[in-house]
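Encoded as structure tokens, the structure appears first; notes follow it.
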């Protein structure tokens, strides 16, 4: 994991607060809801990745968000291979209804990660979020076609 000797705890807290505030603005929700969305999203992805991929994802997150990502994680229960197939449906079911009702919720979450981690190499987190966006877009276009 990366170590930054110049990052103090207040700096790390401020950096995490920026992420929460930005997600709150993207989702047009309260910051406590944005925190819940971020936590649910990170845990849902984490629980479907291998130990190796989790280490790579966690390494790119800011300090406090890395702690949130690994909170209550049991690496012994991790998959040996990534399994993201049910992620979009289970994530939508786990998110607060006020947020999950937004058809663009996944693209907004993805935008936060793309903006904040744009200088990092892509990880399975990016793949997982893109899968959620693509699945949502596909189901929306199928839903629109069935209305015709």
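Residue numbers (my numbering): 3 to 150.
By construction, the Cβ of each residue, glycine as well, lies at the ideal position given by its N, Cα and C atoms.
Bear in mind that the values here come from a model prediction, so they are computed numbers and not experimental data.
Query                                                                                                                                                           : Result
Can you say whether residue 19 is buried or exposed, counting buried as having 16 or more other CB atoms within 10 angstroms of its CB?                         : exposed
When DSSP labels each residue in this structure, what does residue 84 get in the three-state scheme?                                                            : coil
Return the chain-ordered ranges of every alpha helix (DSSP H) run that is complete within the segment 53-114 and spans a minimum of 4 residues.                 : 53-62, 65-72, 89-96 and 99-102
Counting beta carbon pairs with one atom in the segment 20-30 and one in the segment 105-125, are three or more of them shorter than 8 Å?                       : yes
Note down, in chain order, each residue of its chain lying with its Cβ closer than 7 Å to the Cβ of residue 1, except the 5 sequence neighbours on either side. : Outside the shown range of the chain (3 to 150) lies residue 1, about which nothing can therefore be said.
What would DSSP say about residue 9, mapped onto helix, strand or coil?                                                                                         : coil
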